[in-house]
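Residue numbers (our numbering): 1 to 275.
Heads up, the beta-carbon is just placed ideally off N, CA and C, and yes, glycines get one too.
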């Protein structure tokens, strides 16, 4: 049997093990970026794309991955926040319009993209899996089946990129929302996630027994304490991350509005050269 990871040290929650599938996926993504001319973008964009790969690497390898896969529900929630609220905006901001247009060139890809990147559709595409995957039966199934767990992460990554599109679209053909609507969009998106996190944090019983035996072995946490911390991460930290983005959007809108070109649409220059 071929193992899916390279062991750098004896495997344990605080040791480093690099998964071959993750390393291969990151190499493919980075190679495609270079091949399509991504390095011709400005330094900030290239740095953002590189940071997105680093975030994905750290989330899916090493201590955080080991903790989330075996020991702590709270670590799993931290991992999911990285996959959905950190990696996608870095990826989209780091992808120049010239690269994205090549990816969207097939007619069927653009046709699908025009539908799924509409704000209401994008919000639904992201929210439904986030809520459903945290139903205890589905969550436990993913933890106990490695292949299903991979599917879960791929769904989170894909739908999160779609969710962030109305805010950080790299191409004006699939435009961003006007600035004030971007803030409203993110505010409304945070509600289902906050409710889900609150229900988990405020539960007085263990919802995910997979972690019940493992949690006390890491930091002395009880399974219920671990679950409450995980719910708070989703509820409070997830909401805070969205509010930080909304604050950035507010100041950017204020700057553009001062020069009189942000009242209706996002200025074309935010899409980069050649937009």
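Taking every protein chain shown into account, the CB of residue 266 has 16 or more other CB atoms within 10 angstroms, so this residue is buried. Cβ-Cβ separation between residue 116 and residue 109: approximately 11 Å, too far for a contact (criterion under 8 Å). Taking C-alpha positions only, residue 193 is separated from residue 41 by approximately 34 Å. By the beta-carbon neighbour count (other beta carbons within 10 angstroms, threshold 16), residue 37 is exposed. Three or more Cβ pairs closer than 8 Å define a contact, and the stretch 122-141 meets that threshold against the stretch 151-166. Our two residues, residue 240 and residue 81, have alpha carbons roughly 11 Å apart in a direct line. Residues of the same chain with a CB within less than 8 Å of the CB of residue 119, apart from the 5 flanking positions on each side, are 166, 177, 181 and 185 in chain order. In the three-state scheme derived from DSSP, where H, G and I count as helix and E and B as strand, residue 18 is classed as strand.
In this structure residue 243 is not in contact with residue 201, their Cβ atoms being roughly 18 Å apart against a cut-off of 8 Å. Under the 10 Å beta carbon count, residue 247 is surrounded by fewer than 16 other beta carbons and is classified as exposed. CA-to-CA, the gap between residue 196 and residue 134 works out to about 8 Å. Rounded to whole angstroms, the Cβ separation of residue 212 and residue 206 is 6 Å, and the two are in contact under 8 Å.
Excluding residues up to 5 positions away in sequence, 36 lie with their Cβ nearer than 6 Å to the Cβ of residue 102 in the same chain.
Looking at 154, 155 and 183, the one whose alpha-carbon comes closest to that of residue 168 is 183.
Taking C-beta atoms as the reference points, residue 170 and residue 95 count as a pair closer than 8 Å. In the structure shown, residue 177 falls within a coil segment according to DSSP collapsed to helix, strand and coil. 8 Å or more divides the Cβ of residue 90 from the Cβ of residue 122. Just so you know, the alpha carbons of residue 63 and residue 253 end up roughly 39 Å apart.
Classified as buried, residue 22 has 16 or more neighbouring CB atoms from the shown chains inside 10 Å of its CB.
Contact between residue 174 and residue 113 holds: CB atoms are separated by about 6 Å, below the 8 Å threshold. Exposed is the label assigned to residue 191, since fewer than 16 other Cβ atoms lie within 10 Å of its Cβ. The continuous alpha helix (DSSP H) containing residue 100 extends over residues 97-103.
For the stretch 11-90, the full-length beta strand (DSSP E) segments reaching 3 residues or more read 17-19 along the chain.
Per DSSP, residue 234 lies in no alpha helix (DSSP H) and is assigned neither H nor E. For residue 203, the closest C-alpha among the options 70, 245, 229 and 72 is that of 229. 57 is the residue among 154, 249, 57 and 222 whose C-alpha sits nearest the C-alpha of residue 20.
Looking at the backbone, the Cα of residue 31 and that of residue 39 are separated by about 11 Å. Beyond the five residues adjoining it in sequence on each side, residue 227 comes within less than 8 Å, by CB distance, of 73, 74, 200, 201, 203, 206, 207, 208 and 211 in the same chain, given in chain order.
In the DSSP assignment, residue 138 falls within the alpha helix (DSSP H) that extends over 136-144.
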